[in-house]
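J.:
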Amino acid sequence: MIATALLGLTVGLILALTGAGGGVLAVPLLVLGAGMSMVEAGPVALVAVGIGAAGNAVLGLRDGIVRYRAALLIAGSGILLAPLGLWTAQRVGKHWLAVLFALVLLHVARNSWRRGAGRQSAAIRQPACRRDPATGRLRWTSRCARLLSASGGLAGLLSGLLGVGGGFVVVPALLRATDLPMASVVATSLAVVAMVSLSGVAAGIASGALAWQLALPFCAGTLAGMLAGRILGGRLSEASIHKAFAALAALTAAAMLAGALLHT
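Our numbering applies: residue -17 is where the sequence shown begins, and numbers increase by one.
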């Protein structure tokens, strides 16, 4: 139980320091550190990530930076596909799941390293979802709705399949499809992650796949880690945080790939 809480503490620190995409390490840490299977770790990770994201989303709503219409559209698409992801995860071999997760981690690591190195591509000049200069609200078009719905569907599918909140999908999608500032993108993404994660948790409970005896200490550790991370965040440069996260994600992916290959 103490080991699980410490793993949660690590995840909470990562979430607080890196934002919505940090929860992608919750499942591999549970697999590598607690000896859980991918199917067992997924719902436990979603509980912790969902609670952490919800807390931060509430703060974003208070500050008026969550685009709740966009969040509801993206999350609605994700909630529809999350059960399909969970159903698929229970029927795919655990080694294939580990390989898929490792590939996702490598993609996240690459993007995080590029962000830390200042090599992110410039923002799109003509995004599909633009703000009205008079009201500050997004102007909704059919293309805007399609792009955001597709990102939500992918986030929901991965949420059920791999036990991730989907922030690493939603944040880039919002950056490409909208002209929102970064603070609003992250806050909106966290609202989506909270809703999609909690739907995945509900699906896990319904299927009997959620181990509460591990979820509770893991969640407690995650919340403590997020509080500590908020204090540390102001003392570390954004570039160093992104590069450190990229290195940790790449190492975790390598460990997962090695484990999958050794047990095939």
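Note that the Cβ used here is the ideal one computed from N, Cα and C, for glycine as well.
According to DSSP, is T(-14) part of a helix, a strand, or is it coil?
T.: helix
J.: Run through DSSP, which three-state label would T123 get?
T.: coil
J.: Considering only the alpha carbon of each residue, which of A206, G142, A232, L239 lies closest to G60?
T.: For G60, the nearest C-alpha among the options comes from G142.
J.: Would you mind stating whether V(-7) and A8 have Cβ atoms separated by less than 7 Å?
T.: Yes, these two residues count as a Cβ contact at 7 Å.
J.: Can you have a look at A221 and say buried or exposed, based on whether 16 or more other CB atoms are within 10 angstroms of its CB?
T.: exposed
J.: Based on the DSSP output, what are the partners of R113 in its beta bridges?
T.: Its beta-bridge partners are L120.
J.: Span of the alpha helix (DSSP H) holding R49?
T.: Counting along the chain, no alpha helix (DSSP H) covers R49, and no H or E run does either.
J.: Can you tell me whether L85 is buried or exposed, with buried defined as 16 or more other CB within 10 angstroms of its CB?
T.: Around the beta-carbon of L85, fewer than 16 other beta-carbon atoms lie within 10 Å, marking it exposed.
J.: According to the neighbour-count rule (16 or more other Cβ atoms, all chains shown, within 10 Å of its Cβ), is A240 buried or exposed?
T.: exposed
J.: What is the rounded straight-line gap between the Cα of T170 and the Cα of A155?
T.: 11 Å
J.: Pop quiz: F150 and V90 are said to be a contact at Cβ under 8 Å. What is the actual Cβ separation, rounded to whole angstroms?
T.: Approximately 5 Å separates the beta-carbon atoms of F150 and V90; this is inside 8 Å, confirming the contact.
J.: What residues in its chain sit with their C-beta under 7 Å from that of M(-17), if we drop five residues either side in the sequence?
T.: Cβ contact annotation for M(-17) (same chain, cutoff 7 Å, sequence separation greater than five): P199, in chain order.
J.: Taking a contact to mean a Cβ-Cβ separation below 7 Å, would you say V152 touches V174 in this structure?
T.: yes
J.: Just to confirm my understanding: we take R97, look at its own chain, exclude 5 residues before and 5 after, and list those with CB closer than 6 Å. What are they?
T.: H224
J.: CB-CB under 6 Å to S19, same chain, minus the five flanking residues each way: which ones, in chain order?
T.: K76
J.: Does the separation of the CB atoms of L(-1) and G211 fall below 7 Å?
T.: yes
J.: In whole angstroms, what is the alpha-carbon distance linking V21 and A185?
T.: Looking at the two C-alpha atoms, the distance is approximately 12 Å.
J.: Counting pairs of beta carbons, one from the segment 133 to 142 and one from the segment 61 to 70, are three or more of them closer than 8 Å?
T.: yes
J.: Spatial neighbours of A53 within its chain, please: C-beta separation below 6 Å, excluding the five flanking residues on both sides.
T.: T170, A173, V174
J.: Hey, how far is the Cα of R44 from the Cα of A193?
T.: 33 Å
J.: Going by beta carbon distance, what residues of the same chain come within less than 6 Å of C126, once the five residues before and after it are set aside?
T.: A110, C111
J.: Whole angstroms are fine: how far does the CA of L230 sit from the CA of R92?
T.: Going from the Cα of R92 to the Cα of L230 covers about 11 Å.
J.: Measuring CB to CB, does T(-14) end up less than 7 Å from A27?
T.: The Cβ atoms of T(-14) and A27 do not sit closer than 7 Å to each other.
J.: Identify, in the order they occur along the chain, each residue of the same chain with its Cβ nearer than 8 Å to the Cβ of G37, setting aside the five sequence neighbours on each side.
T.: Excluding five sequence positions before and after G37, the CB atoms of its chain that fall closer than 8 Å to its own CB belong to L205, M208, given in chain order.
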